[in-house]
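K.L.:
Under our numbering, residues 54 to 201 are what the sequence shown spells out, in order.
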Amino acid sequence: MSQGKVTVLHGPNLNLLGTRQPEIYGYETLEDVNNTLREIAVLSGWEINCFQSNHEGALIDAIHTARVDGTSAIIINPAAYTHTSVAILDALNAFEGKVIEVHISNVHKRESFRHHSYVSLRADGVIAGLGTYGYQAALNSLISESAT
């Protein structure tokens, strides 16, 4: 029996994790991140679905699916869409579960345009600057919260 169901959404260019600007994003691949999250989820009795897309509409479709498939939480790294996508914000506003926004880098130490997040207007929590560990922190937070 599943304790909860979480959807993890990775935005554009995160498929290049481990090879794109490793000085900022590290050397861990997206597959490494997803495998670690799956291990944590399985050990905790949670169901997990990880999805990456470079296309805004595909991410929105995944949020819409999460609204109706029993998903209790979304962990999302919208990447560049963080700063531009009212459409992703609108989709997240229609989702009734928890939303945790994750950024691998500390966006506040980067270019000023990265300091604004549309997604943060909906997020129940935001994790930035912890590297790929931020995904684990988000998942562990959801698991811990559900136990109380």
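Positions of the beta carbon are idealized from the N, C-alpha and C atoms, including for glycine. All values derive from a computational prediction rather than experimental measurement.
1) Could you name the residues of the same chain whose beta carbon sits closer than 7 Å to that of Ala190, not counting the 5 residues immediately before and after it, in chain order?
2) With DSSP as the reference, identify every bridge partner of His63, one or two as the case may be.
3) Once you ignore the five residues that flank Thr82 on each side, which residues in its own chain have a CB closer than 6 Å to its CB?
4) Considering only the alpha carbon of each residue, which of Arg91, Ser97 and Leu96 lies closest to Phe104?
5) Output the distance between the C-alpha atoms of Glu100 and Val152, rounded to the nearest integer angstrom.
6) From Ser125 to Thr118, what does the alpha carbon distance come to, in whole angstroms?
7) Beta strand (DSSP E) containing Ala181: first to last residue?
8) Please list, in chain order, all residues of the same chain as Ser194 whose beta carbon is under 8 Å from its beta carbon, the five residues on each side excluded.
9) CA-CA distance, Gln74 and Glu84?
10) If you follow the beta strand (DSSP E) that Val152 is part of, which residue opens it and which one closes it?
11) Among the residues of its own chain, which have a CB less than 7 Å from the CB of Ser173, if the five just before and after it don't count?
P.N.:
Quick look at the numbers:
1) Ile180 and Leu183
2) Gln105 and Asn130
3) Leu70 and Gly71
4) Arg91
5) 16 Å
6) 12 Å
7) Gly178 to Ala181
8) Ile153 and Gly178
9) 17 Å
10) Lys151 to His156
11) Glu154 and Val179
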